[in-house]
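S.K.:
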Amino acid sequence: MLTTSASKLSTLNEQAERYAALAQMKEEGERSRKNCQLCVAAFVVFQAIIILVFALTFMRIRNPKVRFGTIDIQSFQTTAPNGASPASFDMRFIAQVTVKNTNFGHYKFDNSTMKFLYDGVEVGQAIIPEARARARSTKKLNVTVALKSNGLPNTAMLGTELRSNVLTLNSQAKVTGKVELMKVMKRKKSAEMECTLVFNVQNKTVQELKCK
1 MLTTSASKLS TLNEQAERYA ALAQMKEEGE RSRKNCQLCV AAFVVFQAII ILVFALTFMR
61 IRNPKVRFGT IDIQSFQTTA PNGASPASFD MRFIAQVTVK NTNFGHYKFD NSTMKFLYDG
121 VEVGQAIIPE ARARARSTKK LNVTVALKSN GLPNTAMLGT ELRSNVLTLN SQAKVTGKVE
181 LMKVMKRKKS AEMECTLVFN VQNKTVQELK CK
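Residue 13 in the numbering used here is what sits at position 13 of the sequence shown, and the numbering runs on without skipping anything.
See below:
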């Protein structure tokens with residue numbers, strides 16, 4: 001009788017131990033699954049952040065900037081008003097035009113026309129040749145410019161400026177092209193320039209240059 005009771009007690013203990021072991025294994029499995037789910041969620045969030053940073057930094061396409069660099073005057077002749085002779089100017093210079101590309105893809109642009117004006121009247125043009133600005137770099141181009149005042153309908157203001165030894169010109173240009181990213185994405189972008197150039201007539205130099 002005692003032997004039978006001991007045997008039953010031993011069997012119950014073994015079953016209890018098995019149930020406890022199974023419960024522990026189940027608990028550990030659930031803990032592992034939760035940890036795995038947390039790892040997957042963290043990985044998804046990390047990937048989303050990487051994609052967002054990539055899109056905002058590398059895939060964002062900005063307009064390039066076109067500006068004047070240096071200006072090398074080759075010839076500069078002016079005539080102050082004197083009796084029947086109207087005021088006039090005739091000049092030639094080499095302008096360095098810069099196209100700054102801040103994108104992570106190269107910028108290929110077409111030929112464009114740069115206009116020069118005095119008091120709103122065009123006094124000459126120059127061609128900005130087609131070229132390619134590499135990713136995050138500045139393309140420098142030398143452009144030859146020849147300007148004359150013989151098309152001005154009124155030279156009264158010009159005469160006043162020349163007597164003050166200054167000559168103020170305005171320049172306008174628009175460069176149009178495409179930014180290419182990773183050889184698969186192309187986006188049309190343009191760069192515009194409006195500059196004011198003030199020349200010193202006596203010294204035949206550029207006294208002031210402002211662009212926007």
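Beta carbons are placed, not taken as given, at the ideal position from N, Cα and C, and that holds for glycine.
A quick note: this is a predicted structure, and the numbers were derived from the prediction, not measured.
1. Have a look at the DSSP bridge pairing and note the partners of residue 72.
2. By how many angstroms is the C-alpha of residue 170 removed from the C-alpha of residue 56?
3. On the three-pair Cβ rule with 8 Å, is the stretch 97-114 touching the stretch 182-193?
4. Spell out a yes or no on whether the stretch 68-84 and the stretch 124-131 are touching, meaning 3 or more CB-CB pairs, one atom from each, closer than 8 Å.
5. How big is the Cα-Cα spacing for residue 86 and residue 151?
6. Give the DSSP bridge partners of residue 144, in chain order.
7. What's the gap between the Cα of residue 186 and the Cα of residue 162?
8. Rounding to the nearest angstrom, what Cα-Cα distance links residue 52 and residue 60 in this structure?
9. Return the CA-CA distance between residue 149 and residue 203, expressed in angstroms with no decimal places.
10. Excluding the five sequence neighbours on either side, which residues of its own chain have a C-beta within less than 6 Å of the C-beta of residue 91, listed in chain order?
11. Run the CB neighbour count on residue 114, radius 10 Å, all protein chains shown included, and call it buried at 16 or more, exposed below.
12. Hey, could you find the ends of the beta strand (DSSP E) residue 152 is sitting in?
13. Using the beta-carbon count (16 or more within 10 Å), is residue 144 buried or exposed?
14. Should residue 103 be labelled buried (16 or more other beta-carbon atoms within 10 Å of its own) or exposed?
M.R.: A quick look at the data gives this:
1. Locating residue 72 in the sequence shown gives position 72, counting from the first residue. 94, per the DSSP bridge assignment.
2. Taking the sequence shown and counting its residues from 1, one reaches residue 56 at position 56. Taking the sequence shown and counting its residues from 1, one reaches residue 170 at position 170. With a pLDDT of only 49 at residue 56, under 50, the local geometry of the prediction cannot be trusted, and no value is derived from it.
3. yes
4. no
5. Position 86 of the sequence shown holds residue 86. Position 151 of the sequence shown holds residue 151. Cα to Cα, the separation comes out at about 12 Å.
6. Locating residue 144 in the sequence shown gives position 144, where the first residue counts as 1. 94, per the DSSP bridge assignment.
7. Here the question's residue 186 lines up with position 186 in the sequence shown. Here the question's residue 162 lines up with position 162 in the sequence shown. Their backbone Cα atoms lie some 48 Å apart in a straight line.
8. Stepping through the sequence shown from its first residue, residue 52 is reached at position 52. Stepping through the sequence shown from its first residue, residue 60 is reached at position 60. Note on residue 52: pLDDT 49, under 50, position unreliable in the model; the coordinate value appears next. For residue 52 and residue 60, the distance between alpha carbons rounds to 11 Å.
9. By 1-based counting over the sequence shown, the position of residue 149 is 149. By 1-based counting over the sequence shown, the position of residue 203 is 203. Between residue 149 and residue 203, the C-alpha separation is close to 19 Å.
10. Your numbering for residue 91 matches position 91 in the sequence shown. Excluding residues within five positions, the ones whose Cβ falls inside 6 Å are 76 and 147.
11. Indexing the sequence shown from 1 puts residue 114 at position 114. Buried, by the Cβ-count rule.
12. Position 152 of the sequence shown, counting from 1, holds the residue named residue 152. No beta strand (DSSP E) holds residue 152; DSSP gives it neither H nor E.
13. Along the sequence shown, one-based indexing puts residue 144 at 144. Exposed, since its Cβ has fewer than 16 Cβ neighbours within 10 Å.
14. Sequence index remark: in the sequence shown, residue 103 carries index 103 (1-based). When all chains shown are included, residue 103 counts as buried.
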